[in-house]
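Presented below is the structure to which this report refers.
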Amino acid sequence: MKAVRFHGAKDIRVEQVAEPTDTLAHDDVLIAPIITGICGTDLHEYIAGPIVTPAEPHVYTGATNPQILGHEFSARVLKVGDAVSDVSAGDRISIQPLVAPRNDYYGKRGLYHLSPDLGCVGLSWAWGGMGEKAVIKDYNAQPVPDGITDEQAAMIEPAAVALYGVDRGGVTAGSTVLVSGAGPIGALTVLSAHAAGASTIIVSEPNPNRRRIIKDIAPYAHVVDPRGGDLDQIIGDLTEEGVGVDVALECVGLEASLNACVNAVRRQGRVVQVGLHMKPASIDAMLWALKDITVEATWCYPTQIWPRIARMVAAGNFPIEKVITARIAAEDVVEKGFEALLDPAGEHLKIMVTT
Numbered sequence: 019m020k021a022v023r024f025h026g027a028k029d030i031r032v033e034q035v036a037e038p039t040d041t042l043a044h045d046d047v048l049i050a051p052i053i054t055g056i057c058g059t060d061l062h063e064y065i066a067g068p069i070v071t072p073a074e075p076h077v078y079t080g081a082t083n084p085q086i087l088g089h090e091f092s093a094r095v096l097k098v099g100d101a102v103s104d105v106s107a108g109d110r111i112s113i114q115p116l117v118a119p120r121n122d123y124y125g126k127r128g129l130y131h132l133s134p135d136l137g138c139v140g141l142s143w144a145w146g147g148m149g150e151k152a153v154i155k156d157y158n159a160q161p162v163p164d165g166i167t168d169e170q171a172a173m174i175e176p177a178a179v180a181l182y183g184v185d186r187g188g189v190t191a192g193s194t195v196l197v198s199g200a201g202p203i204g205a206l207t208v209l210s211a212h213a214a215g216a217s218t219i220i221v222s223e224p225n226p227n228r229r230r231i232i233k234d235i236a237p238y239a240h241v242v243d244p245r246g247g248d249l250d251q252i253i254g255d256l257t258e259e260g261v262g263v264d265v266a267l268e269c270v271g272l273e274a275s276l277n278a279c280v281n282a283v284r285r286q287g288r289v290v291q292v293g294l295h296m297k298p299a300s301i302d303a304m305l306w307a308l309k310d311i312t313v314e315a316t317w318c319y320p321t322q323i324w325p326r327i328a329r330m331v332a333a334g335n336f337p338i339e340k341v342i343t344a345r346i347a348a349e350d351v352v353e354k355g356f357e358a359l360l361d362p363a364g365e366h367l368k369i370m371v372t373t
């Protein structure tokens, strides 16, 4: 079968590989991926990997490179193991890609995303969404209602990252919010905050194309170029008595962005770290103390969030598909996918791939 495989930095190939066997473990599900998103994690692997993809066999899954990519995807069920009861052949599903023990300290508490042995379909698992077939575990197969499209089903995974950040920030009806960064996760965070009831959403983004896109996706947001020097003034103008926002969500993973969020939030407000930092950040700890703020960090998402997002999407108040800016074939994944997303002009947010 055809598959997109990661071999190393700047080395992603479309190759023919052996199909998964029809002989399934009792909790296995054989699937045919439909459409897959390219994630920021995939981009990091392409630029400087292996980072998450294991160079040596993964401690829990046994996977190693070359790795079939793709962890944001929808699929159709082809066959199930004899103990699988939640899905059946022919069902459409959204893949919850985290693979983790069910009986370690965190698994016993339902905190699967925190297991030190965590693996991920499409990153540290034998199969991924950018192949014509794959095998996953039964808990990875999340049924979706008929009212959700294949693209929306594929977008639930990145939406889970964003919504978890909004949850951790305690965003609620009437909240004032700053979202720093309007990349794919930042854009989904804006949509999440709006769905949660935020009354004022300010977006800080230096890239003009991303500012244009987020204005189209979320016309209710106040979009600011932080290089203009007026972010503090705009936050002052848009918040009660100019005290700052209730919640600031850092979606870039850069020191300057984190510190801007600390500056923007009111005293006893919350800063949520949603973006992943690739190197240590210098912070003003005294300012954190002076403002008496809460700083929340997030890692992935609780896997139980899937049905909630599906309901939100089906109800029409979480239009996650708006973040998609291009759809390409697997054969074009490097030039029209990875390289396009790395273009400094930044004309795309989310590119979807079909195999």
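Residue numbers (the numbering used here): 19 to 373. Quick reminder that beta carbons are idealized off the backbone N, C-alpha and C, glycines included.
Could you have a look at residue 154 and say whether DSSP puts it in helix, strand or coil?
strand
Under 8 angstroms between C-beta atoms of residue 32 and residue 19:
no
With three or more beta-carbon pairs closer than 8 angstroms as the criterion, would you say the segment 84 to 100 touches the segment 50 to 59?
yes
In the DSSP assignment, the beta strand (DSSP E) including residue 30 goes from what residue to what residue?
29 to 34
Opposite residue 138 in the DSSP bridges: which residues?
116
Please classify residue 39: does DSSP put it in a helix, a strand, or coil?
coil
Per DSSP, residue 148 forms a beta bridge with which residues?
In the DSSP output, where bridge partners are listed per residue, residue 148 has none listed.
Please classify residue 319: is it buried, with 16 or more other beta-carbons within 10 angstroms of its beta-carbon, or exposed?
buried
Let me check understanding here. Comparing Cα to Cα, which of 283, 136, 354 and 210 lies closest to residue 330?
210
Going by C-alpha to C-alpha distance, which of 231, 85 and 110 sits closest to residue 67?
85
To which residues does DSSP link residue 312 through a beta bridge?
288
Return the residue from the list 70, 63 and 100 that minimises the CA-CA distance to residue 40.
100
By Cβ distance, which residues of its chain are closer than 7 angstroms to residue 161, with the 5 residues on each side in sequence left out?
104, 105, 109 and 111
Evaluate the contact criterion for the segment 230 to 239 versus the segment 251 to 267: three or more CB pairs, one atom per stretch, below 8 angstroms.
no
Element boundaries [beta strand (DSSP E), containing residue 97]:
90 to 98
Which residue comes first and which comes last in the alpha helix (DSSP H) that contains residue 59?
58 to 66
In angstroms, rounded to a whole number, what distance separates the CA positions of residue 189 and residue 222?
18 angstroms
Given a cut-off of 8 angstroms, decide if residue 290 and residue 183 are closer than it, judged by their beta-carbon atoms.
yes
Quick one: what does DSSP say residue 24 is sitting in, helix, strand or coil?
strand
Please work out which residues of its chain come closer than 8 angstroms, Cβ to Cβ, to residue 37, disregarding the five sequence neighbours upstream and downstream, and give them in chain order.
19, 150 and 151
Looking at the secondary structure, which residues open and close the beta strand (DSSP E) in which residue 370 lies?
368 to 372
Just to confirm the assignment, what range does the beta strand (DSSP E) spanning residue 268 have?
263 to 268
Please list the terminal residues of the continuous alpha helix (DSSP H) segment that includes residue 331.
324 to 333
Using the rule of at least 16 other Cβ atoms within 10 Å of the residue's Cβ for burial, across every protein chain shown, is residue 123 buried or exposed?
exposed
Cβ neighbour criterion (16 or more within 10 Å) applied to residue 170:
buried
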